[in-house]
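Just below is one structure, and these are the notes that go with it.
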């Protein structure tokens, strides 16, 4: 699908090499994002992905334009790869050009260099009888009567559930859907409500969500214990930005911006209480075609 | 796509003229309608789901003269599954989301009425996993029943298109959608639910056809009170005999409360035996996708069910794939025919599963009679142990035994199954079943990346490739075809003949008394083959790829064959949604289907069309 626009752009830049940057400036910074996915993105544009998108658009001198779509199965298909006019089957104009976060080794989109890496944490509500837990592993060794009171939120996908299973804690799990179909409520918001209502006491959750819970919860209300990756159960993942497969020019532009604005990106993410770990280079060989 | 689609009614003068005062309401009418081959009044042509027509005007000798008689654009892109219903003089067709229904006058081929339900695209489309398909309408009690994508089940007056009632069958906020074709049985209309990817717990529900009031609801998993299983009366096949399932047979096969998000959704087809008063269907794959995270058999996902039509009480249940590791969803249709197996006549139920095995069971008792591969390239299990009823899994192809982050290679069939939702047909003339098949294998890597809450991506990386082995012998042959059209004897479990197709056959077939079997291809051909030999007798290229079901009926003494074309669905999603960047990198979008079907875009493009065929005058 990409051959034509890329070629088109190459031709223009060859002919008008001198004005290439101005031409690029006229383009909009088109992002597809979930309208209600704190702390990543919201329609109010107060998520950390919104802030980073703003930063990049500013650096490029471009106007930012959002297409909102809930981030679930089919997100890339319905946004980055979807033509603006659905009836124009062979259209080369898409709903957006950038998705602000995809797994660094995703192949649904062309991933940039990773711009942050976080980890899963065990987040425990304080004052519910588990303040003595300093390491996740301790949960498995608790006496049965204390284990019964654990009430750990458990998702239908993800390493937290695998870890709970390894330590015989599945019976203490309160199952949650990892994707909600609700446009007025997302998983992070649901966890926030249920922690406050004491329906659950703890959750093993991806760092950004943990950061959100901390920001919404009572002051010093939660303990965050980073989970330790093992060969069977990885907890740390690097996140990148996604462009359409084949859109290598844009990938390079974003890579440059990621490298140049490393510190500022980090400051933005940290201001959302998100635990960051050092970005590991992916061991996976990159496509070189 | 931003605004909800408005419902509206075309109150044309044609409709006014045709609106007869009242039509017979007693629903025994439906059975009579289905026995008249002039009609095609339910998805399977009849309650048994045989998709066989007694019409014999089009024969194996004259089918070569077949011609398109008329066609009709649905005005909707995306995948068109299901097929036209024909009730007396009127033809009813449906579209993918936004689920427009057209009633067409056969005489003039003009629209009598059309109806588009009010559905919020922003709420519904994001929760539909695999294209926005719909598998068709049901007719009964003078009403057309439409199962909308957003789970709302709507009854429309068949004469006027006016909405009679609607009922919310599920909640899209919980990831529930629906793509199934309903079935009318006596005074009830049956429907299921989709959304296994979201952890929806599947169920079959029965609603009163007059009022839309819920009559019963039977879940696929959970306590006996939810599944409508009776520990003593409900039976299953174990230790070489039919035996009671025992108390909470579902709960005991799940760890903790995981059954609450257990999957087992019901987006396929339902059939019915009026004499036994039992309805039959299959349940889907268990949720979560990572098998390691749900220890146990995960009953009753991937199971065949027989329920009492009046109460929903489970007569028997049989699990085909305990503890799924490959996404071998069990929702494919069930066909009810009486056959002699091993010297004894049985009322049988025949089911060709995604897992590559064709099952023949006694439909009164649930006794397992035959379980054989209908595509011998299938390698994930050597055979089904007839004593335990369990497939014997080959360790090499067990995604769980190989572990997370290990790419299990060359598993056959691929996740889309040796056969998917496309219904088979059965001819009593030949005693054979005609299977529209897929012929692919896959590399399956569960949880290469496992982001959960807030970063929802499918927890398994799939990539699909041709099976490259012979359907009948299973021997590697380097073939590159992705589809097969196979004739199978369900009495013995033998493959009789099989035709290669370049792409998956994602279209339901129809067998006729004229000795001809019709099916469609992904490139868009309507094909007719000889029921006995499989010899290709006719083909015609329709405007788009066919994933719909071919149906046949007659009007004014003339036999017609009709099919919806309109590429999409799982196999065609690369085209339907423009996923294919032409680079290897996009292989795993569409749950792995994009890479394998890359070249399909050279053959066909989007667009919904009904094409109706007949012999020349």
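Chains as they are written, first to last, in my numbering: chain A, 1 to 289; chain B, 290 to 906.
Each residue gets a CB set at the ideal place from its N, CA and C atoms; glycine is no exception.
Since we're looking at a predicted model, the values are computed, not measured.
Residue 669/B and residue 615/B look like a contact to me (Cβ under 8 Å); what is the Cβ gap, rounded to whole Å? Here residue 669/B refers to the residue found at position 380 when the second chain is read from its first residue. Here residue 615/B refers to the residue found at position 326 when the second chain is read from its first residue. So it is a contact: roughly 6 Å between Cβ atoms.
Under the three-state reduction of DSSP, which class applies to residue 122/A: helix, strand or coil? Working through the first chain from its first residue, we reach residue 122/A at position 122. Strand, per DSSP.
Just to confirm the assignment, what range does the beta strand (DSSP E) spanning residue 605/B have? Working through the second chain from its first residue, we reach residue 605/B at position 316. From DSSP, the beta strand (DSSP E) with residue 605/B extends over 603–608.
When the Cα atoms are used, what is the spatial distance from residue 411/B to residue 507/B? Along the second chain, read from residue 1 onward, the residue named residue 411/B stands at position 122. Along the second chain, read from residue 1 onward, the residue named residue 507/B stands at position 218. Straight-line Cα distance between these residues: approximately 30 Å.
Determine, using beta carbons only, whether residue 826/B and residue 772/B come nearer to each other than 9 Å. One-based indexing of the second chain puts residue 826/B at position 537. One-based indexing of the second chain puts residue 772/B at position 483. Not in contact: residue 826/B and residue 772/B (Cβ atoms no closer than 9 Å).
Is residue 57/A helix, strand or coil when you go by DSSP? Here residue 57/A refers to the residue found at position 57 when the first chain is read from its first residue. It is helical.
Please report how far the alpha carbon of residue 858/B lies from the alpha carbon of residue 710/B, in whole angstroms. The residue labelled residue 858/B in the question sits at position 569 within the second chain. The residue labelled residue 710/B in the question sits at position 421 within the second chain. Residue 858/B and residue 710/B: Cα-Cα distance of roughly 10 Å.
Which of helix, strand or coil does DSSP assign to residue 905/B? Mapped onto the second chain, residue 905/B falls at position 616. Residue state, collapsed to three classes: coil.
Drop a sphere of 10 angstroms on the beta-carbon of residue 266/A, count the other beta-carbons inside from all chains shown, and report buried for 16 or more, exposed for fewer. Taking the first residue of the first chain as position 1, residue 266/A is located at position 266. Residue 266/A is exposed by the Cβ-count criterion.
Whole-angstrom distance between residue 679/B and residue 609/B, CA atom to CA atom: Within the second chain, numbered from 1, the residue matching residue 609/B stands at position 320. Within the second chain, numbered from 1, the residue matching residue 679/B stands at position 390. About 7 Å.
Check whether the Cβ atoms of residue 520/B and residue 533/B sit closer than 9 Å, and answer yes or no. Along the second chain, read from residue 1 onward, the residue named residue 520/B stands at position 231. Along the second chain, read from residue 1 onward, the residue named residue 533/B stands at position 244. Cβ atoms of residue 520/B and residue 533/B: closer than 9 Å.
Quick test of your reading: residue 560/B and residue 337/B, contact by CB under 8 Å. State the CB separation rounded to the nearest angstrom. As a working note, residue 560/B is residue 271 in the second chain. As a working note, residue 337/B is residue 48 in the second chain. Confirmed, Cβ separation roughly 6 Å.
Could one say the Cβ of residue 874/B lies closer than 9 Å to chain A's Cβ atoms, at least one of them? On the second chain, position 585 is the one that residue 874/B refers to. Confidence at residue 874/B is low in this model, with a pLDDT of 44, below 50, so its placement is unreliable and the value that follows should be read with caution. Closer than 9 Å to some Cβ of chain A, the Cβ of residue 874/B qualifies, so yes.
Give the residues of chain A in contact with residue 422/B, contact being defined as C-beta atoms less than 8 Å apart. Within the second chain, the letter at position 133 stands for residue 422/B. Within chain A, no residue comes near residue 422/B; the closest Cβ sits about 13 Å away, beyond 8 Å.
Verify the CB distance criterion: does residue 889/B have a CB-CB separation below 9 Å to chain A? For the purposes of this step, residue 889/B is taken as residue 600 along the second chain, with counting starting at 1. No - not a single Cβ of chain A is within 9 Å of the one on residue 889/B.
Say whether the region 60–71 of chain A touches the region 108–128 of chain A, bearing in mind that this needs 3 or more beta-carbon pairs closer than 8 Å, one atom from each stretch. no
Going along the region 170–181 of chain A in order, which residues come within less than 9 Å of chain B, judged by CB to CB distance? 170, 171, 172, 173, 174, 175, 176, 177, 178, 179, 180 and 181
Which chain B residues sit within Cβ distance under 7 Å of residue 156/A? Taking the first residue of the first chain as position 1, residue 156/A is located at position 156. Residues of chain B passing the Cβ test: 488, 550, 576 and 577.
So with CB distances below 9 Å, who are the chain B contacts of residue 72/A? If you number the first chain from 1, residue 72/A lands on position 72. In chain order: 415, 416, 418, 464, 486, 487 and 745.
Min CB distance residue 306/B to chain A below 9 Å: The residue given as residue 306/B occupies position 17 in the second chain. Legend: pLDDT at residue 306/B = 37, less than 50; position of this residue unreliable, no value from coordinates given.
Is there a Cβ from chain A that is less than 9 Å from the Cβ of residue 708/B? Along the second chain, one-based indexing puts residue 708/B at 419. False, the Cβ-Cβ gap to chain A never drops below 9 Å.
Taking only beta-carbon atoms, is residue 183/A less than 9 Å away from chain B? Walking along the first chain from the start, residue 183/A turns up at place 183. Interface residue, yes.
Interface partners of residue 69/A on chain B, CB under 7 Å: For this step, residue 69/A is matched to residue 69 along the first chain. Within 7 Å Cβ-Cβ: 415.
Does the distance from the C-beta atom of residue 464/B to that of residue 71/A stay below 9 Å? The residue labelled residue 464/B in the question sits at position 175 within the second chain. The residue labelled residue 71/A in the question sits at position 71 within the first chain. No, the pair does not count as a contact, with Cβ atoms beyond the cut-off.
Report the residues of the region 804–816 of chain B with a CB closer than 7 Å to any CB of chain A, ordered along the chain. none
Would you report the Cα separation of residue 483/B and residue 556/B, rounded to the nearest angstrom? On the second chain, residue 483/B is found 194 positions in, with the first residue counted as 1. On the second chain, residue 556/B is found 267 positions in, with the first residue counted as 1. Rounded to whole angstroms, residue 483/B to residue 556/B spans 5 Å at the Cα level.
Ordered along the chain, which non-local residues of its own chain (more than five positions away) have a Cβ less than 8 Å from that of residue 240/A? For the purposes of this step, residue 240/A is taken as residue 240 along the first chain, with counting starting at 1. Closer than 8 Å at Cβ, skipping near neighbours: 101, 102, 103, 104, 106, 111, 112, 113, 114 and 115.
For residue 188/A, which three-state DSSP category applies? Within the first chain, residue 188/A is the residue found at index 188, counting from 1. Note: residue 188/A maps to helix in three-state DSSP.
Does residue 162/A have its Cβ less than 9 Å from a Cβ in chain B? Indexing the first chain from 1 puts residue 162/A at position 162. With 9 Å as the cut-off, residue 162/A counts as an interface residue toward chain B.
C-beta neighbour in chain B for residue 75/A, strict 9 Å: Counted from its first residue, the first chain places residue 75/A at position 75. With 9 Å as the cut-off, residue 75/A counts as an interface residue toward chain B.
For the alpha helix (DSSP H) holding residue 688/B, just list the boundary residues, first then last. By one-based count along the second chain, residue 688/B stands at place 399. From DSSP, the alpha helix (DSSP H) with residue 688/B extends over 688–691.
Does residue 385/B come within less than 9 Å of chain A when only Cβ atoms are used? Position 96 of the second chain, counting from 1, holds the residue named residue 385/B. Output row for residue 385/B: interface = no.
Could you tell me the distance, in whole angstroms, from the CA atom of residue 524/B to the CA atom of residue 575/B? Residue numbering aside, residue 524/B sits at position 235 when the second chain is read from its first letter. Residue numbering aside, residue 575/B sits at position 286 when the second chain is read from its first letter. Cα-Cα distance, rounded: 21 Å.
Quick one: is residue 536/B buried, meaning 16 or more other Cβ sit within 10 Å of its Cβ, or exposed? Taking the second chain and counting its residues from 1, the one referred to as residue 536/B is at position 247. Label assigned to residue 536/B: exposed.
Taking 9 Å as the CB-CB cut-off, is residue 165/A touching chain B? Indexing the first chain from 1 puts residue 165/A at position 165. Closer than 9 Å: yes.
Between which two residues does the alpha helix (DSSP H) holding residue 256/A run? By one-based count along the first chain, residue 256/A stands at place 256. Residues 248–260.
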